[in-house]
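K.L.:
Per my numbering, the sequence shown starts with residue 638, numbered consecutively. The structure's right below; bear with me while I get my questions together.
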Amino acid sequence: MDTKDKTAENIYNPWKQIAAELKPHLLALILAIIIGITVATISLIQPTLIGNIVNSASASLDWKLVSFFISGLAAVAILSAFEQYVLEKISETMVFRIRNDLAYRALGADLASVQSVQSGNLTSALGSDTSQLRGILSQGVVELIVQSLTLIGALVMMLYTDWVLFTVVVFAVVVLLLSGVILGSRTRPAAEDVQTNVALMSESFARVLSGIRTVKAFRAEPIFLATIHNSADAARRSGLKVAKLKAIVAGFTQSAIQILLFVVIGFGAIRVSAGLLTVGELTSFIMYVMLVFTPAAMLGGVVASISEGIGAYSRIAKFRTWTQENSGNDIISSEHYDSCAPAIQFKDVSLTYEKLQDVDNSMTQWALKDISLSIPQGSFVAFVGQSGAGKSSIFNILERFYLPTHGEAFVYGQNIERTLPDQIRANFAFVDQSAPVFAGTIHDNLSFVNSEASNNDLVQALISAELSINGKIPDLDYEVGEGGAGLSGGERQRLALARAFLSKAPIILLDEATSNLDSITEQAVHSSIFALRGERTVIAIAHRLSTVKSADMIYVLNQGKIVAQGTHTELMTNSPIYQKLVKSQQLTQ
């Protein structure tokens, strides 16, 4: 069986994965089971003690039996509390590990996997789904074992006490168990529907919050509220279905217990009056009936809880099988760079974001096609072209977000495809055109780029990026708000640029990094960027050609291919496409 087959097996056979989750806690689980069995054994002895106490009460109360009974109650209370603590500790530790692993795998997965799902599904898996694992991973397993043994032990003691009453009880218990298991198992698909709909609701709500300004501007609140309402209503209906099944189990169990007790007491009274059973034995038998019905009723709930947990685990397991960026037999972890090699080199690089459709790839949509280039260290290079020409795809390969479909790409002489992503990305300071800003302070948004940077370094980066709020350099403790809501578009862009200036990376990637800046600020920022020429390699994607007129080399892309290259002056002479771009922007030649 190959790796993919094993992965698929693990997804659809969650018990195999659950066993693996339990393995590190095997000793603790065994301890909990031993404690549970000890508690069950003491509980099984108690009814007999009560029966003997009742039988002896007519003559003189046996205080020795009473002391044994009280000691047993105390032991059960203490051991049960300790067992519960052990199980809760196992649950919390296990859920903690699964959450960390899920977060690690999500952030370590390749970009295609992460972008294939909505963020709401991931956050739901990390939150509510993992919370549902507590029952299945510890309490559920232990309860199944302990309560099953308690059930068997109580039945044996009942048979020993009176076989006629035992026959009546067995029939009722079998009916109860079958009903509980059948109804409990039916909760799994309903529970999966609940989690799916909750994830859809979270996803819808997160989407609204991310674009709340646009939603309010177009007065679209009712439309999005309707979407959220529909998802919440679907979750409610699924939840009611689960609640209905649980209520049926609880109601049936309660009625069955009352009817059985009535039958046992009635038949038992007849047998006591006939001298076939003592009052103490009848008392013991009734207590054993309760010991039978308690685990029998609990087993139905345990099955329902486990069914819900399996559904949650199946969702989590799918995310945990994502391909990790650092996986692969041909990846090396060497940091031996060729100091004489170009900063960047592409050799016949082609890229498509889809699966190849046929042998000759005639139907394939190529984002890049047969790109070859060489960028010297310390140079300033720009990529220009219309939207969809393939400019961002070059950055996707450089950052190893996607690997070339064909050809080879090198950073300082190292093959990108055969080098760990972290080692490749250590060479780049990436300024994304969306200029993402994280909730928190300006300090929070800068310090993760360079953990060794001092506050003075951070302030200098802000100065280089020309970031000012209300006419002055902002305090590092300034709160930027969720998604940078407290900043303008240009301020967010300058904060992103400040990260690049703060980084020690030898190559700066600018993806439309000044598109939201006014012309005066743009020129000031360019002065800071150009000052790095020779010290760092700067690679820019630009629609505004004013930002790249002074570049050492400009590559013109069209439909994924390099159709021209040269300086601004050279391209104005020999590239009609570049001339058209310049003319469309009314750029001074």
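Note that CB positions come from ideal geometry on N, CA and C, so glycine has one too.
Would K660 be called buried (16 or more neighbouring beta carbons within 10 Å of its own) or exposed?
P.N.:
Locating residue 660 in the sequence shown gives position 23, counting from the first residue. Exposed is the call here.
K.L.:
Can you find the residues in the same chain that come closer than 6 Å, C-beta to C-beta, to T915, ignoring five residues on each side of it along the sequence?
P.N.:
Counting from 1 along the sequence shown, the entry for residue 915 is found at position 278. Answer for T915: N692, listed in chain order.
K.L.:
Going by C-alpha to C-alpha distance, which of E1119, M927, R736 and A1063 sits closest to V1074?
P.N.:
Sequence index remark: in the sequence shown, residue 1074 carries index 437 (1-based). Looking at the Cα atoms, E1119 is the closest of the given residues.
K.L.:
Look at the Cβ atom of L1134, then the Cβ atom of V1162, and state whether they are nearer than 8 Å.
P.N.:
The residue given as residue 1134 occupies position 497 in the sequence shown. The residue given as residue 1162 occupies position 525 in the sequence shown. The answer is yes: Cβ separation under 8 Å.
K.L.:
Restricting to Cα atoms, I'd like to know which of A978, V811, F803 and A872 is closest to A827.
P.N.:
By one-based count along the sequence shown, residue 827 stands at place 190. Residue A872 is the option with its Cα nearest to A827.
K.L.:
Exposed or buried, what is F930 when buried is set at 16 or more other beta-carbons lying within 10 Å of its beta-carbon?
P.N.:
Locating residue 930 in the sequence shown gives position 293, counting from the first residue. With 16 or more Cβ atoms within 10 Å of its Cβ, F930 is classed as buried.
K.L.:
Apart from the five residues just before and just after A1076, which ones in its own chain have a Cβ nearer than 6 Å to its Cβ?
P.N.:
Looking up residue 1076 in the sequence shown gives position 439. For A1076, where only same-chain residues beyond five positions count, the Cβ hits under 6 Å are E1119.
K.L.:
DSSP state of E1116, grouped into three classes?
P.N.:
Sequence index remark: in the sequence shown, residue 1116 carries index 479 (1-based). Three-state DSSP puts E1116 in a strand.
K.L.:
Please go through the region 1078-1141 and give each complete beta strand (DSSP E) segment of 3 or more residues, from N-terminal end onward.
P.N.:
none
K.L.:
Buried or exposed for Y1215, please, with buried defined as at least 16 other CB atoms from any protein chain shown within 10 angstroms of its CB.
P.N.:
Here residue 1215 refers to the residue found at position 578 when the sequence shown is read from its first residue. Buried: at least 16 other Cβ atoms inside 10 Å.
K.L.:
Is the separation between the beta-carbon of M1209 and that of S1016 shorter than 8 Å?
P.N.:
Taking the first residue of the sequence shown as position 1, residue 1209 is located at position 572. Taking the first residue of the sequence shown as position 1, residue 1016 is located at position 379. The criterion of a C-beta distance shorter than 8 Å is not satisfied by M1209 and S1016.
K.L.:
Where do the N-terminal and C-terminal ends of the beta strand (DSSP E) with D1007 fall, by residue?
P.N.:
Reading the sequence shown from its first residue, position 370 is the one you call residue 1007. Per DSSP, D1007 belongs to the beta strand (DSSP E) from L1005 to I1012.
K.L.:
Beta-carbon within less than 7 Å of A762's beta-carbon, same chain only, minus the 5 sequence neighbours each way: which residues are those?
P.N.:
Here residue 762 refers to the residue found at position 125 when the sequence shown is read from its first residue. Contacts found: L739, R952, I953 and F956.
K.L.:
Can you name, in chain order, every residue of its own chain whose Cβ lies under 6 Å from the Cβ of A869, other than the five neighbours on each side?
P.N.:
Taking the first residue of the sequence shown as 1, we reach residue 869 at position 232. Excluding positions up to five away in sequence, the list reads M838.
K.L.:
So, with DSSP's three-state summary, where would you put K992?
P.N.:
In the sequence shown, residue 992 corresponds to position 355, counting from 1. Of the three classes helix, strand and coil, the one that applies to K992 here is coil, per DSSP.
K.L.:
Taking only three categories from DSSP, how would you classify R1170?
P.N.:
The count along the sequence shown starts at 1 and reaches residue 1170 at position 533. Three-state result, R1170: strand.
K.L.:
Can you tell me whether L1006 is buried or exposed, with buried defined as 16 or more other CB within 10 angstroms of its CB?
P.N.:
Looking up residue 1006 in the sequence shown gives position 369. In the sequence as displayed, the identity of residue 1006 is Lys instead of Leu. By the 10 Å Cβ count, K1006 comes out buried.
K.L.:
Do I1053 and A1063 have their beta-carbon atoms positioned less than 8 Å apart in this structure?
P.N.:
Mapped onto the sequence shown, residue 1063 falls at position 426. Mapped onto the sequence shown, residue 1053 falls at position 416. Cβ distance not < 8 Å, so A1063 and I1053 don't count as in contact.
K.L.:
Whose CA, out of G1197, D1112 and C977, lies closest to the CA of Q1051?
P.N.:
Against the sequence shown, residue 1051 aligns to sequence position 414. When C-alpha distances from Q1051 are compared across G1197, D1112 and C977, the shortest belongs to C977.
K.L.:
Look at the alpha carbon of I1295 and the alpha carbon of L1040, and state the distance between them as a whole number of angstroms.
P.N.:
Any answer about residue 1295 is impossible in this case: the structure gives the chain only from 638 up to 1226.
K.L.:
Using a threshold of 8 Å, state whether the C-beta atoms of D830 and S875 are closer than that.
P.N.:
Stepping through the sequence shown from its first residue, residue 830 is reached at position 193. Stepping through the sequence shown from its first residue, residue 875 is reached at position 238. Yes.
K.L.:
Going along the chain, which residues of its own chain have a beta-carbon closer than 8 Å to the beta-carbon of L1124, five neighbours each way excluded?
P.N.:
Working through the sequence shown from its first residue, we reach residue 1124 at position 487. Excluding positions up to five away in sequence, the list reads V1074, I1106, V1117, G1118 and L1132.
K.L.:
Residues in its own chain within less than 8 Å of L897 by CB, not counting five upstream and five downstream?
P.N.:
For the purposes of this step, residue 897 is taken as residue 260 along the sequence shown, with counting starting at 1. The residues are V805, V806, A809, V926 and F930.
K.L.:
My guess is that K1146 and F1020 are in contact by the Cβ rule of under 8 Å, so how many angstroms apart are they, rounded?
P.N.:
Counting from 1 along the sequence shown, the entry for residue 1146 is found at position 509. Counting from 1 along the sequence shown, the entry for residue 1020 is found at position 383. It is worth fixing the name first, because residue 1146 is Leu in this sequence and not Lys. About 10 Å separates the two Cβ atoms, so there is no contact after all.
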